[in-house]
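A.B. asks: The numbers in our numbering rise by one with no breaks, and the one at position 212 of the sequence shown is 216.
All residues carry an ideal CB built from backbone N, CA and C; glycine is no exception.
Remember, it's a predicted structure, so these values are computed and weren't measured experimentally.
Provided herewith is a single structure, encoded as structure tokens, for subsequent inquiry.
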Amino acid sequence: MDPLREKIFQVNALLIAAVFFIIIYVLNWLGYVMKKKMVQGKPERDLSLGTAEGALMGLMALLLAFTFGMASSKYESRRQTIIDEANLLNTALFRIKLYPDSIKKSMLGDFKKYLDARIDYWDAGDDPVKINAALNNAGNYFNSFWNDNALLINDPNNRSRAEQLVPVLINMKNMVTTREAGRVSTVPSLIILVLLILVFVASFLTGFGLKPGSRNPVFSIAFTIMLSVALYIIMELSRPRQGLINLGFAEKEIVDVRKNF
Numbered sequence: 005m006d007p008l009r010e011k012i013f014q015v016n017a018l019l020i021a022a023v024f025f026i027i028i029y030v031l032n033w034l035g036y037v038m039k040k041k042m043v044q045g046k047p048e049r050d051l052s053l054g055t056a057e058g059a060l061m062g063l064m065a066l067l068l069a070f071t072f073g074m075a076s077s078k079y080e081s082r083r084q085t086i087i088d089e090a091n092l093l094n095t096a097l098f099r100i101k102l103y104p105d106s107i108k109k110s111m112l113g114d115f116k117k118y119l120d121a122r123i124d125y126w127d128a129g130d131d132p133v134k135i136n137a138a139l140n141n142a143g144n145y146f147n148s149f150w151n152d153n154a155l156l157i158n159d160p161n162n163r164s165r166a167e168q169l170v171p172v173l174i175n176m177k178n179m180v181t182t183r184e185a186g187r188v189s190t191v192p193s194l195i196i197l198v199l200l201i202l203v204f205v206a207s208f209l210t211g212f213g214l215k216p217g218s219r220n221p222v223f224s225i226a227f228t229i230m231l232s233v234a235l236y237i238i239m240e241l242s243r244p245r246q247g248l249i250n251l252g253f254a255e256k257e258i259v260d261v262r263k264n265f
């Protein structure tokens with residue numbers, strides 16, 4: 005993920021939405037004030053925007069819906085990935101329990117440490133240092149019980165159990181990569197930038213398109229709130245480890261795997 009975006013992710017989405025609210029409202033007001041001054045200087049001049057304002061608003065709405073859909077799709081993909089990993093962890097745990105007690109005890113110890121590392125991966129939030137530490141710990145614990153299981157394939161008494169566990173472990177390892185790729189996969193910065201430019205320009209032109217004396221503060225505030233809320237929801241969907249719209253309910257499925265020890 006872009007280092008700048010990682011820093012922005014540390015800022016509360018509500019605070020960013022509040023900043024957007026102020027910017028949108030001020031731009032709307034500035035557009036109205038500019039129109040009013042220009043009309044006062046040359047009252048006969050036609051400063052109406054015509055269809056341009058409607059076209060710009062339509063373009064903004066289209067990009068807003070597109071961005072919202074993209075953020076929502078990525079959110080759902082992350083949720084499904086967490087559920088899939090929880091299922092793999094459960095499968096691996098129950099297959100490990102099929103080993104004799106002498107082997108099972110050692111492998112369960114490494115597996116529990118691996119599970120704790122995966123839980124730490126979620127608890128790290130959007131802190132890149134803690135996330136990398138959790139990934140490294142999980143990798144080390146995984147390698148430990150992978151090597152133990154690989155040795156058991158040469159044991160005729162445990163070969164069948166070890167071979168059945170191999171594909172589950174491979175899928176677990178791949179799921180770590182999938183989840184991390186999903187975490188850093190966000191709505192492209194260029195799309196966000198273009199969306200913000202359209203929102204700000206549309207806010208200004210909405211105010212500029214009003215006739216002097218016809219500005220309704222209630223409408224302006226409502227317009228500002230709706231745009232700010234839409235941007236806020238997009239931000240929430242893009243940072244599912246924090247905020248009101250998060251994936252904590254899905255992560256609970258991984259935490260609940262501990263109950264099976």
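Buried or exposed: where does VAL23 fall if 16 or more other Cβ atoms within 10 Å of its Cβ makes it buried?
C.D. replies: So VAL23 counts as exposed.
A.B. asks: Going residue by residue through the region 202-254, where are the continuous alpha helix (DSSP H) segments of at least 4 residues, counting only ones entirely within it?
C.D. replies: 221-242
A.B. asks: Whole angstroms are fine: how far does the CA of ILE196 sit from the CA of LEU18?
C.D. replies: Looking at the two C-alpha atoms, the distance is approximately 17 Å.
A.B. asks: Assign ILE20 to one of three DSSP states: helix, strand, or coil.
C.D. replies: helix
A.B. asks: For LEU241, which residues in the same chain have their Cβ closer than 8 Å to its Cβ, ignoring the five residues on either side in sequence?
C.D. replies: PHE72, ALA75, SER76, LYS78, TYR79, ILE249
A.B. asks: Could you check the C-alpha separation between LEU200 and VAL191 for me, to the nearest Å?
C.D. replies: 13 Å
A.B. asks: Which residue from ASN147, MET230, ALA166, PHE149 puts its Cα closest to that of LEU156?
C.D. replies: ALA166
A.B. asks: Anyone know if the C-beta pair for ILE237 and LEU93 falls short of 8 Å?
C.D. replies: No; because the gap between Cβ atoms is not below 8 Å, this pair is not in contact.
A.B. asks: Nearest-angstrom Cα distance between SER164 and VAL172?
C.D. replies: 14 Å
A.B. asks: Mapping DSSP to helix, strand and coil, what is THR190?
C.D. replies: coil
A.B. asks: Between LEU60 and ALA234, how many whole angstroms is the CB-CB distance? I'm expecting something under 8 Å.
C.D. replies: In fact, because the Cβ distance is near 16 Å, the residues do not count as touching under 8 Å.
A.B. asks: What do you get for ASP2, buried or exposed, if any count of 16 or more other CB atoms within 10 angstroms of its CB means buried?
C.D. replies: Examination of residue 2 is not possible in this model, given that the chain is present from 5 through 265 alone.
A.B. asks: Can you give me the Cβ contacts of MET111 inside the same chain, cut-off strictly under 8 Å, excluding the 5 residues immediately before and after it?
C.D. replies: Same-chain partners within the cutoff: ILE100, TYR103, PHE149, ASP152, ASN153.
A.B. asks: Of all the options ASP120, ASN91, PRO132, PHE253, which has the alpha carbon lying nearest to the alpha carbon of PHE146?
C.D. replies: ASP120
A.B. asks: Are the beta-carbon atoms belonging to LEU231 and ILE28 less than 8 Å from one another?
C.D. replies: yes
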